[in-house]
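Here is the structure we will look at.
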Amino acid sequence: MILADYFTSDHNIIWDYARQVGVEHGVIRLPETEDFDVTNPSHWQTVVKKFTDFGIKPVVIEPMPNCLHGHIKAADDKRDESIEKVIKMLPIMEQNGIDTICFNFMAHIGWLRTSDSIAERGGALVTGFDIDEFTPVDKKITEDELWYNYEYFIKAVIPYAQKHGIKLALHPDDPPLSRLGDVSRIMVSYENINKAINIVNSDNLGVTMCQATYKMMGENLYEVIPKLKDKIFFVHFRNAVGNKYKFNETFHDNGDIDMADIMRLYKRCGVNVPIRVDHVPLMAGETQETAGYTALGRLYAIGYLKGIMQSVENDD
Numbered sequence: 085m086i087l088a089d090y091f092t093s094d095h096n097i098i099w100d101y102a103r104q105v106g107v108e109h110g111v112i113r114l115p116e117t118e119d120f121d122v123t124n125p126s127h128w129q130t131v132v133k134k135f136t137d138f139g140i141k142p143v144v145i146e147p148m149p150n151c152l153h154g155h156i157k158a159a160d161d162k163r164d165e166s167i168e169k170v171i172k173m174l175p176i177m178e179q180n181g182i183d184t185i186c187f188n189f190m191a192h193i194g195w196l197r198t199s200d201s202i203a204e205r206g207g208a209l210v211t212g213f214d215i216d217e218f219t220p221v222d223k224k225i226t227e228d229e230l231w232y233n234y235e236y237f238i239k240a241v242i243p244y245a246q247k248h249g250i251k252l253a254l255h256p257d258d259p260p261l262s263r264l265g266d267v268s269r270i271m272v273s274y275e276n277i278n279k280a281i282n283i284v285n286s287d288n289l290g291v292t293m294c295q296a297t298y299k300m301m302g303e304n305l306y307e308v309i310p311k312l313k314d315k316i317f318f319v320h321f322r323n324a325v326g327n328k329y330k331f332n333e334t335f336h337d338n339g340d341i342d343m344a345d346i347m348r349l350y351k352r353c354g355v356n357v358p359i360r361v362d363h364v365p366l367m368a369g370e371t372q373e374t375a376g377y378t379a380l381g382r383l384y385a386i387g388y389l390k391g392i393m394q395s396v397e398n399d400d
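If you're matching positions, the sequence shown starts at 85 in the working numbering and goes up one per residue.
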């Protein structure tokens with residue numbers, strides 16, 4: 085596995101901690117300011133150089149820029165323009181040695197939690213979802229519309245992804261519920277995700293294995309990971325407790341998934357891709373700007389992941 089971490093494009097303490105604990109690869113979020121043009125190679129080069137000068141090699145883009153992705157998923161009047169911009173991003177990624185982009189197909193409602201202050205071990209605070217606390221939004225989309233929009237996008241982009249050697253890694257819907265109010269969701273089961281990555285026959289279309297989301301779906305990781313092993317392009321190393329209707333994040337060593345054993349499973353399946361920790365607790369003395377993405381919880385999780393990786397690598 086390739087140990088990576090998630091970075092916004094402006095330097096912060098997470099950059100420092102990551103380098104200090106030995107992270108050398110980056111999953112990067114592109115700038116979301118009006119002065120950043122996703123189709124301008126020089127804009128990309130400026131961002132990439134900041135990372136490489138700091139000792140971090142960008143290897144994954146996450147997420148697909150929301151300024152494009154939202155239009156594509158909802159199929160509004162900016163869809164085709166947005167798809168063209170995605171296509172123009174791909175040769176720029178190739179030029180900068182970045183070969184994977186993590187994308188999802190959650191229209192109108194993205195990654196969703198109903199609380200960011202659930203008490204975990206020692207009073208640390210974690211995020212969680214409870215369907216009984218969900219407030220519907222004034223949006224509507226059907227499963228059929230989502231499948232059509234997804235197929236339209238994939239068939240437009242995959243030829244260029246193949247041309248430039250870019251892998252599209254599909255993230256499951258989180259929470260993995262088929263409906264949130266009048267907003268349908270389709271990437272909510274292994275069956276549907278397997279259908280999605282076989283809409284076209286391409287080695288460049290696969291998945292982000294967000295393992296806790298698959299677990300919350302009710303899927304058996306020991307069955308799903310071997311089935312998807314050749315299509316896993318990126319791993320979100322994450323733990324949680326509960327089910328799709330009510331769950332919460334945990335410390336990485338305190339959830340429903342045996343994290344060391346899952347790492348052994350990845351090794352047995354020959355999965356050797358970028359991996360990053362995800363959704364960490366808010367620990368004592370910290371405040372959070374983005375729930376689940378604080379520095380100290382991340383520092384603990386990276387150390388835990390790194391220890392597991394070294395242990396499994398040394399297994400006979």
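Using N, Cα and C, we set each Cβ at its ideal position, and we do this for glycine too.
In the structure shown, isoleucine 225 falls within a strand segment according to DSSP collapsed to helix, strand and coil. DSSP lists Val144, Lys251 as the bridge partner or partners of threonine 184. A check of alpha carbon separations from isoleucine 270 across Ala296, Tyr244, Met301, Asn288 identifies Met301 as the nearest. Under the three-state reduction of DSSP, phenylalanine 218 is assigned to coil, being neither helix nor strand. Within the stretch 249-321, the alpha helix (DSSP H) runs of at least 4 residues that lie entirely inside it are, in chain order, 274-280, 295-301, 305-312. Listed in chain order, the alpha helix (DSSP H) runs fully inside the stretch 331-398 are 343-352, 379-397, counting runs of at least 4 residues.
In this structure, alanine 240 keeps its C-beta atom at 7 Å or more from the C-beta atom of threonine 184.
Isoleucine 283 and glutamate 217 have their C-alpha atoms roughly 35 Å apart.
Between the beta-carbon of isoleucine 86 and that of valine 357 there is about 6 Å, and that keeps the pair under the 8 Å contact cut. The stretch 301-313 makes contact with the stretch 324-342, as at least three CB pairs between them are under 8 Å. Residue burial is scored here from C-beta neighbours: proline 259 has at least 16 other C-beta atoms within 10 angstroms and is therefore classed as buried. The C-beta of serine 262 has fewer than 16 other C-beta atoms within 10 Å across all chains shown, which makes the residue exposed. In this structure, leucine 389 sits near phenylalanine 321, with a CB-CB distance shorter than 7 Å. Distances from the CA of asparagine 233 to each of Ser268, Phe213, Arg205 were compared; the closest alpha carbon is that of Ser268. By the CB criterion at 7 Å, isoleucine 225 and glycine 212 fall outside the cutoff. Contact between the stretch 337-346 and the stretch 87-101 is absent: fewer than 3 CB-CB pairs across the two stretches fall below 8 Å. Cα atoms of glycine 354 and lysine 313: separation of roughly 7 Å, rounded to the nearest angstrom.
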